[in-house]
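Q: Quick one: this structure, given as structure tokens, is what I'll be asking you about.
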DNA sequence: GCCGTGGTTTTGTGATCACATACCGTATGA
DNA sequence: TCATACGGTATGTGATCACAAAACCACGGC
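Protein chains in written order, with our numbering: chain A, 344 to 538; chain B, 344 to 538.
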């Protein structure tokens, strides 16, 4: 429920109401409120003064900060996943990569975003670091709406070259290369957004 | 309310009940539940199957992971705070440091922990990076109960030498030195816990 | 003496309600 | 014509209730 709400298909600045969400999902106010508050607790929603709730639209400083967070956390996760990455994982990553290419050619930003995150999560799951992954997903959640909105604006056409570099580094067991590839993949996309 | 609960004065493994907490704080189940769920969402509480809620007692792997997270996030925060650190801040840090020394001499683990975190937070507030600070506090929250319990077991007597190194690096404007000092301060304490 | 099974109690969940408050539209006056 | 004040509506908050499930305890059987 909350996952679908915040996965990116909600424009930043949208106002949410407890009763509205309750009606939409066929539940009462109590579970809706709980979901809202939980998302607000991890920064995915901003609850304005007097509890009014909206999806946040982030300032450029905030985007830069969250991008730095990704650039800090994700290389570490990738590095931890590297020793445990075997062929089956790499194959799955390549399949996901193909799906990403399809989403790009279809100009479907929400599918692109979702599959892109699936690529990263699939890799990071191997890191056996649940707390670190949870924190990273928190960051994704906060970036979700703005990223989706901005990807919708600028027409991406280039294929996911960075992902290919990541897979290559994974195959070669090249730890510094992997860190660098992940970092550039993460920061490059977000640098375009603020710039 | 939730801050006081998780600030460290709760042994890991304690079971919380909604109605119990409600009675303790003079409120009904609804706000108590909300607080519980919020804390559970950020990993400060583990809600077992069927919603039973306890304070988590962390495995050594988990402690190591959270320590790595601190070692990743906090040097970055300190580095960002460095250009904005002026004399008044350093003075305040030194005052807090004195309070820490008092807590150590009194063998009061919860006061030690609280003041120690106040030291770090005071520094990191200058970084102007709210999301990063929020994530770091999440990590603190998760570590809270175990750290308190373990600090109670081992009798610390050494004064906070690392904090003095941090302040010195801050004064000198030495960015790599600051990063290193923060990293060792953070990881050293936690290395003793698992070891 | 120990283990399984029954009932009782506790606990979490979701719904509904009453109340305070914030927001919005309108009307009136300068 | 614009600003301000007032009233109605909608919204969040906290409380209470009914229900289901899980835990606990005791009793009986092997």
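Every residue, glycine too, gets a C-beta built ideally from N, C-alpha and C.
So the candidates are B:503, B:453, B:471, B:413; which of them puts its Cα closest to the Cα of residue 492 (chain B)?
A: The residue with the shortest Cα to Cα distance from residue 492 (chain B) is B:453.
Q: Listed from N- to C-terminal order along the chain, which residues in the stretch 380 to 408 of chain A have their beta-carbon within a distance smaller than 7 Å of any beta-carbon of chain B?
A: Result list: 380, 381, 384, 385, 386, 405, 408.
Q: Counting only Cβ-Cβ distances shorter than 9 Å, please list the residues of the stretch 475 to 505 of chain B near chain A, keeping chain order.
A: Going along the stretch 475 to 505 of chain B in chain order, one finds 475, 477, 478, 481, 482, 485 with a Cβ nearer than 9 Å to chain A.
Q: Just to confirm, are residue 513 (chain B) and residue 416 (chain B) a CB contact at a threshold of 8 Å?
A: Cβ atoms of residue 513 (chain B) and residue 416 (chain B): not closer than 8 Å.
Q: Tell me which same chain residues have a C-beta within less than 6 Å of the C-beta of residue 529 (chain B), skipping the five on either side of it?
A: Cβ within range, chain order: 413, 414, 417.
Q: For the alpha helix (DSSP H) containing residue 493 (chain B), list its first residue and its last residue.
A: 473 to 496 is the extent of the alpha helix (DSSP H) around residue 493 (chain B).
Q: Starting from the beta carbon of residue 472 (chain B), find every residue of chain A whose beta carbon is closer than 7 Å, and list them in chain order.
A: Going along chain A in sequence order, the residues near residue 472 (chain B) (Cβ under 7 Å) are 408.
Q: Could you list which residues in chain A have their beta carbon closer than 8 Å to that of residue 533 (chain B), in chain order?
A: Neighbours of residue 533 (chain B) on chain A: none; closest Cβ ~13 Å, over 8 Å.
Q: Can you pull the chain B residues whose beta carbon is under 9 Å from the beta carbon of residue 456 (chain A), in chain order?
A: The contacting residues do not exist; residue 456 (chain A) stays about 19 Å from chain B at best.
Q: Terminal residues of the continuous alpha helix (DSSP H) containing residue 408 (chain A)?
A: It spans 403 to 424 - the alpha helix (DSSP H) in which residue 408 (chain A) sits, taken as one unbroken run.
Q: Nearest to residue 440 (chain B) by CA position, among B:349, B:503, B:411, is which residue?
A: Of B:349, B:503, B:411, the residue nearest in Cα terms is B:503.
Q: For residue 415 (chain B), which residues in chain A fall below 8 Å Cβ to Cβ?
A: Going along chain A in sequence order, the residues near residue 415 (chain B) (Cβ under 8 Å) are 415, 416, 419.
Q: For residue 482 (chain A), which residues from the same chain have a beta carbon less than 8 Å from its beta carbon, with the 5 sequence-adjacent residues on both sides left out?
A: The residues are 409, 412, 413, 416.
Q: Helix, strand or coil: how does DSSP classify residue 358 (chain A) here?
A: The answer is strand: DSSP assigns residue 358 (chain A) an E or B state.
Q: Under the rule that 16 or more other beta-carbon atoms within 10 Å means buried, what is residue 516 (chain A), buried or exposed?
A: Exposed: under 16 other Cβ atoms inside 10 Å.
Q: Should the stretch 420 to 433 of chain B be called in touch with the stretch 465 to 472 of chain B, which here means at least 3 C-beta pairs below 8 Å?
A: As far as the Cβ criterion goes, the stretch 420 to 433 of chain B touches the stretch 465 to 472 of chain B, which means the pair count is three or higher.
Q: Can you check whether the C-beta of residue 468 (chain A) is within less than 8 Å of a C-beta belonging to chain B?
A: Taking Cβ atoms only, chain B never reaches closer than 8 Å to residue 468 (chain A), which makes this a no.
Q: Taking C-beta to C-beta, are residue 456 (chain A) and residue 351 (chain A) nearer than 8 Å?
A: Yes, the pair counts as a contact, with Cβ atoms nearer than the cut-off.
Q: Under the rule that 16 or more other beta-carbon atoms within 10 Å means buried, what is residue 325 (chain B), buried or exposed?
A: Since the first residue shown for chain B is 344 and the last is 538, residue 325 (chain B) is missing from the structure and cannot be characterised.
Q: Excluding sequence positions up to five away, which residues of its chain have a Cβ less than 6 Å from the Cβ of residue 375 (chain A)?
A: Only 361, 364, 365 meet the Cβ criterion.
Q: What do you get for residue 373 (chain A), buried or exposed, if any count of 16 or more other CB atoms within 10 angstroms of its CB means buried?
A: Burial call: exposed.
Q: Have a look at residue 524 (chain A) and residue 402 (chain A) and give me their C-alpha separation to the nearest angstrom.
A: Rounded to whole angstroms, residue 524 (chain A) to residue 402 (chain A) spans 26 Å at the Cα level.
Q: Would a C-beta distance cut-off of 8 Å place residue 353 (chain B) and residue 398 (chain B) closer than the cut-off?
A: Taking 8 Å as the Cβ cut-off, residue 353 (chain B) and residue 398 (chain B) qualify as a contacting pair.
Q: To the nearest angstrom, how far is the alpha carbon of residue 520 (chain B) from that of residue 369 (chain B)?
A: C-alpha separation (whole angstroms): 49 Å.
Q: May I have the straight-line CA-CA distance separating residue 535 (chain B) from residue 461 (chain B), to the nearest angstrom?
A: One C-alpha to the other measures close to 21 Å.
Q: Can you tell me which of the three DSSP states residue 529 (chain B) falls into?
A: Looking at residue 529 (chain B) - three-state DSSP - the assignment turns out to be helix.
Q: Can you give, in chain order, each stretch of the beta strand (DSSP E) that sits fully within the stretch 435 to 471 of chain B and has at least 3 residues?
A: List check, beta strand (DSSP E) in window: nothing returned.
Q: Kindly examine the ligand PLP and report whether one of its heavy atoms sits closer than 7 Å to the Cβ of residue 413 (chain A).
A: The ligand PLP is absent from the structure shown, which contains no ligand whatsoever.
Q: Apply the 10 Å Cβ neighbour rule to residue 540 (chain B) and answer buried if 16 or more other Cβ atoms are within range, or exposed otherwise.
A: For residue 540 (chain B) there is no data in the structure shown, the boundaries of chain B being 344 and 538.
Q: Consider the Cβ of residue 412 (chain A): report whether some Cβ of chain B lies at a distance smaller than 8 Å.
A: Yes, its Cβ sits closer than 8 Å to a Cβ of chain B.
Q: Considering only the beta carbon of each residue, do residue 384 (chain A) and residue 381 (chain B) sit closer than 8 Å?
A: Cβ distance < 8 Å, so residue 384 (chain A) and residue 381 (chain B) count as in contact.
Q: In or out: residue 476 (chain A) buried (at least 16 other Cβ within 10 Å) or exposed?
A: Under this definition residue 476 (chain A) is a buried residue.
Q: If I follow the unbroken alpha helix (DSSP H) through residue 377 (chain B), where does it start and stop?
A: Its alpha helix (DSSP H) spans residues 372 to 384.
Q: In the stretch 364 to 380 of chain B, which residues sit with their C-beta less than 9 Å from some C-beta in chain A, listed in chain order?
A: Answer in chain order: 373, 376, 377, 380.
Q: How close, in whole Å, do the beta carbons of residue 474 (chain A) and residue 485 (chain B) come, if the pair is a contact with beta carbons under 8 Å?
A: Right, their Cβ atoms sit about 7 Å apart.
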